[in-house]
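Asker: Protein chains in written order, with full-length UniProt numbering: chain W, 1 to 258; chain V, 1 to 258.
For glycine and all other residues, C-beta sits at the position ideal for the given N, C-alpha and C.
Below is the structure I would like to discuss, written out as structure tokens.
2 protein chains.
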Amino acid sequence: MNVLLVYAHPEPKSLNGSLKDFTVKRLENAGHTVQVSDLYAMNWKTTLDANDSTHRVSEERFHPSLDSKHAFEHGLQSDDIAREQDKLRWADAVILQFPLWWFSMPAILKGWVERVYAYGFGYGVGEHSEARWGDRYGEGMLAGKRAMLVVTTGGWESHYSARGINGPIDDVLFPIQHGVLYYPGFDVLPPFVVYRTGRIDQARYAEISDALGKRLDALATTTPIPYRPQNAGAYEIPALTLRPEFAPDQSGFVAHIE
Amino acid sequence: MNVLLVYAHPEPKSLNGSLKDFTVKRLENAGHTVQVSDLYAMNWKTTLDANDSTHRVSEERFHPSLDSKHAFEHGLQSDDIAREQDKLRWADAVILQFPLWWFSMPAILKGWVERVYAYGFGYGVGEHSEARWGDRYGEGMLAGKRAMLVVTTGGWESHYSARGINGPIDDVLFPIQHGVLYYPGFDVLPPFVVYRTGRIDQARYAEISDALGKRLDALATTTPIPYRPQNAGAYEIPALTLRPEFAPDQSGFVAHIE
């Protein structure tokens, strides 16, 4: 497979840096082709703004989504954005690797999502009608590709358990896994999460890399999280609420998993 | 009161720009003193990196939290970070205003959180013992201050309802409200959310600004979301799971609200 690793940590000599190098090697040894977008090393422009287009719709007023649409449709996007979109088109699987900072991805990676997911590419795709509400949540430009998070956190596993103070890790990651990955079409694999990163000795690193290696070996075969597709009957359109017969007693994030 | 408005939208002539101006005027007319951190206008440095300190612990290896701790303790933080911390110390109430992009805050605001919330200021505060796990979740440097989100989104209110496809808005915002605001001690007020921003005519703008105005008038008196404090008996330490007698049948984000 072609695998794109989008990686966001500022220090190569870190746990994240080691796991990134391990990942590339493991995948290449298994015969995959790997590209890495090392956002810090690339000095990735984090902030979405009017300079993301080489020619704006209007000089008077910058409109984030309309300017993005215009730039995407007319080949007027800045090169760094277009290059990342090409990598996504090329990839069969995408891994986002990052430390969990303030219960989400680092700003530099958030800015990658905001800028690379142009209108017409990451959103604003497909028709809106009585039967469909755009190609999203299971459909879209990235449909047919797999995605997986590799996340490190200083907190303990129990802090992210069902009744842990930070909230369950699957709920903390839902806005990313469902909202950023499933939305434009990815099949989302269960995340690989490393807890308590402040205490990692050689033995624990060996355990972690062994477990990560197994996940990477199964990248093509792991069953994705069964999020419900938007346009296949489970949701009222345009309200986009679950029809009463689906998960009748549930609400919240978990209701959107079959 | 002293009110800090941290604002993240790239275009002054936008709905967000109008609501920001409205907010400042309304608060000043009510006798409050307002400072605005207009992150785009300030050209805020979004990415947390080694340049955030004027003198690193080690030139060999950048360690995000240890370098932050060292810089904070020794007055070696870059000026832009120290200035924002001073504004936070000065403020009685803080409003974060932003468009919801990909189910979270814009990268520029996430980078404000990551850089301004230094070790010793936003986290890493207080002792860890058998009875306490740091001053956080209800305690911390920002305790006694109020915070509120003002958020705009293109999606419909039903899309963010209990069974809406994006997830309930309170759950989507939990990593910010609980994880970014309650964590360092803020009392968090219910959010003010504007839905379906693609369709706002004059009449609807009047409704929205009227409703926002009422929320601003009540900034000092609105009852905060009753998140459970970490060190007051509801959680096992150090597992930080809810004790069985608290919300015995619940799990997930909602269990952390009294």
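For residue 174 (chain W), name the three-state secondary structure that DSSP assigns.
Answerer: On the first sequence, position 174 is the one that residue 174 (chain W) refers to. Three-state result, residue 174 (chain W): helix.
Asker: Anyone know if the C-beta pair for residue 90 (chain W) and residue 44 (chain W) falls short of 8 Å?
Answerer: One-based indexing of the first sequence puts residue 90 (chain W) at position 90. One-based indexing of the first sequence puts residue 44 (chain W) at position 44. In this structure, residue 44 (chain W) does not lie closer than 8 Å to residue 90 (chain W) by Cβ.
Asker: Can the beta-carbon of residue 237 (chain W) be found closer than 8 Å to that of residue 130 (chain W)?
Answerer: One-based indexing of the first sequence puts residue 237 (chain W) at position 237. One-based indexing of the first sequence puts residue 130 (chain W) at position 130. Yes. Within cutoff.
Asker: Measuring alpha carbon to alpha carbon, tell me which residue in V:21, V:170, V:14, V:33 is nearest residue 2 (chain V).
Answerer: For the purposes of this step, residue 2 (chain V) is identified with residue 2 of the second sequence, where counting begins at 1. Residue V:33 is the option with its Cα nearest to residue 2 (chain V).
Asker: Quick check on residue 232 (chain V) - is its C-beta less than 8 Å from some C-beta in chain W?
Answerer: Along the second sequence, read from residue 1 onward, the residue named residue 232 (chain V) stands at position 232. No, its Cβ sits nowhere closer than 8 Å to a Cβ of chain W.
Asker: Please state whether DSSP places residue 156 (chain W) in a helix, a strand or coil.
Answerer: If you number the first sequence from 1, residue 156 (chain W) lands on position 156. Three-state result, residue 156 (chain W): coil.
Asker: Decide if the region 121-129 of chain W is in contact with the region 161-177 of chain W; the criterion is three or more beta carbon pairs, one per stretch, under 8 Å apart.
Answerer: Output reads no: the region 161-177 of chain W does not touch the region 121-129 of chain W.
Asker: Quick check: the Cα distance between residue 143 (chain W) and residue 83 (chain V), rounded to an integer number of angstroms?
Answerer: Translated into positions along the first sequence, residue 143 (chain W) becomes position 143. Translated into positions along the second sequence, residue 83 (chain V) becomes position 83. C-alpha separation (whole angstroms): 45 Å.
Asker: Which residue from W:145, W:149, W:195 puts its Cα closest to that of residue 159 (chain W)?
Answerer: By 1-based counting over the first sequence, the position of residue 159 (chain W) is 159. Ranking W:145, W:149, W:195 by Cα distance to residue 159 (chain W) puts W:195 first.
Asker: Of all the CB atoms in chain V, is at least one closer than 8 Å to the CB of residue 58 (chain W)?
Answerer: Looking up residue 58 (chain W) in the first sequence gives position 58. Not one chain V Cβ lies under 8 Å of residue 58 (chain W).
Asker: Are there 16 or more other CB atoms within 10 angstroms of the CB of residue 155 (chain V), so buried, or fewer, so exposed?
Answerer: Locating residue 155 (chain V) in the second sequence gives position 155, counting from the first residue. It is buried - the Cβ of residue 155 (chain V) has at least 16 other Cβ atoms within 10 Å.
Asker: Strictly below 7 Å CB to CB, what residues from chain W border residue 61 (chain V)?
Answerer: As a position in the second sequence, residue 61 (chain V) is number 61, starting the count at 1. Result: 11, 13.
Asker: Can you check which of these residues, W:247, W:246, W:198, W:180, is closest to residue 63 (chain V) by C-alpha distance?
Answerer: Counted from its first residue, the second sequence places residue 63 (chain V) at position 63. Per the Cα distances, W:198.
Asker: Between V:102, V:65, V:47, V:229, which lies nearest to residue 137 (chain V) when the distance is taken from Cα to Cα?
Answerer: Translated into the one-based positions of the second sequence, residue 137 (chain V) becomes position 137. When only C-alpha atoms are compared, the closest one is V:229.
Asker: Note down, in chain order, every chain V residue with its Cβ under 9 Å from the Cβ of residue 261 (chain W).
Answerer: Summary: the structure shown does not reach residue 261 (chain W), with chain W confined to residues 1 through 258, and so no result is reported for it.
Asker: Rounding to the nearest angstrom, what Cα-Cα distance links residue 99 (chain V) and residue 233 (chain V) in this structure?
Answerer: As a first step, residue 99 (chain V) is located in the second sequence; it is residue number 99 there, counting from the start. As a first step, residue 233 (chain V) is located in the second sequence; it is residue number 233 there, counting from the start. For residue 99 (chain V) and residue 233 (chain V), the distance between alpha carbons rounds to 36 Å.
Asker: Looking only at its own chain, which residues have a Cβ that is under 6 Å from the Cβ of residue 215 (chain V), when we skip the five neighbours before and after it?
Answerer: Taking the first residue of the second sequence as position 1, residue 215 (chain V) is located at position 215. Excluding sequence neighbours, residue 215 (chain V) sits near 192.
Asker: Consult DSSP for residue 17 (chain V) and reduce its assignment to one of helix, strand or coil.
Answerer: In the second sequence, the residue the question calls residue 17 (chain V) occupies position 17. Looking at residue 17 (chain V) - three-state DSSP - the assignment turns out to be helix.
Asker: On the DSSP letters alone, give me the boundaries of the alpha helix (DSSP H) that residue 86 (chain W) sits inside.
Answerer: Working through the first sequence from its first residue, we reach residue 86 (chain W) at position 86. Element bounds for residue 86 (chain W): 79-90.
Asker: Tell me which residues of the region 112-140 of chain V have at least one Cβ-Cβ distance to chain W shorter than 8 Å, keeping chain order.
Answerer: Result list: 113, 114, 117, 137.
Asker: Would you list, in chain order, the members of the region 186-199 of chain V that have their beta-carbon closer than 8 Å to a beta-carbon of chain W?
Answerer: Taking 8 Å as the Cβ-Cβ cut-off against chain W, none of the residues of the region 186-199 of chain V qualify.
Asker: Thinking residue 40 (chain W) and residue 71 (chain W) are a contact (beta carbons under 8 Å), I'd like their distance in whole angstroms, please.
Answerer: Translated into the one-based positions of the first sequence, residue 40 (chain W) becomes position 40. Translated into the one-based positions of the first sequence, residue 71 (chain W) becomes position 71. Not a contact, Cβ separation roughly 25 Å.
Asker: If you count every other CB in all the chains shown that lies within 10 Å of the CB of residue 10 (chain W), and 16 or more means buried, which is it?
Answerer: Locating residue 10 (chain W) in the first sequence gives position 10, where the first residue counts as 1. The residue is buried, with at least 16 neighbouring Cβ atoms inside 10 Å.
Asker: Is it buried or exposed for residue 210 (chain V), if we count other Cβ within 10 angstroms and need 16 for buried?
Answerer: Numbered from 1 along the second sequence, position 210 holds the residue referred to as residue 210 (chain V). Under this definition residue 210 (chain V) is an exposed residue.
Asker: If residue 253 (chain W) sits next to residue 170 (chain V), beta carbons under 8 Å apart, how far is it from one beta carbon to the other, in whole angstroms?
Answerer: Along the first sequence, one-based indexing puts residue 253 (chain W) at 253. Along the second sequence, one-based indexing puts residue 170 (chain V) at 170. About 11 Å separates the two Cβ atoms, so there is no contact after all.
Asker: Is the Cβ of residue 226 (chain V) closer than 8 Å to any Cβ of chain W?
Answerer: Stepping through the second sequence from its first residue, residue 226 (chain V) is reached at position 226. No, no contact with chain W.
Asker: Whole-angstrom Cβ separation of residue 186 (chain W) and residue 146 (chain W), contact assumed at under 8 Å?
Answerer: Along the first sequence, one-based indexing puts residue 186 (chain W) at 186. Along the first sequence, one-based indexing puts residue 146 (chain W) at 146. Indeed, because the Cβ distance is near 7 Å, the residues count as touching under 8 Å.
Asker: Please list, in chain order, the chain W residues whose beta carbon lies closer than 7 Å to that of residue 172 (chain V).
Answerer: If you number the second sequence from 1, residue 172 (chain V) lands on position 172. 175, listed in chain order.
Asker: When the Cα atoms are used, what is the spatial distance from residue 67 (chain W) to residue 38 (chain W)?
Answerer: Locating residue 67 (chain W) in the first sequence gives position 67, where the first residue counts as 1. Locating residue 38 (chain W) in the first sequence gives position 38, where the first residue counts as 1. Rounded to the nearest angstrom, the two C-alpha atoms are 27 Å apart.
Asker: Relative to the C-alpha of residue 108 (chain W), which candidate in V:49, V:25, V:150 has its C-alpha closest?
Answerer: Position 108 of the first sequence, counted from the start, is the residue given in the question as residue 108 (chain W). Among V:49, V:25, V:150, the Cα nearest to that of residue 108 (chain W) is on V:49.
Asker: If we ignore side chains and look at the alpha-carbon of each, how far apart do residue 110 (chain W) and residue 173 (chain W) end up?
Answerer: For the purposes of this step, residue 110 (chain W) is taken as the residue at position 110 of the first sequence. For the purposes of this step, residue 173 (chain W) is taken as the residue at position 173 of the first sequence. Going by the C-alpha atoms only, they are around 13 Å apart.
Asker: Alpha helix (DSSP H) containing residue 67 (chain W): first to last residue?
Answerer: For the purposes of this step, residue 67 (chain W) is taken as residue 67 along the first sequence, with counting starting at 1. Start and end: 64-73.
Asker: Is it right to say residue 207 (chain V) is buried, meaning 16 or more other beta carbons lie within 10 angstroms of its own, or is it exposed?
Answerer: Walking along the second sequence from the start, residue 207 (chain V) turns up at place 207. When all chains shown are included, residue 207 (chain V) counts as exposed.
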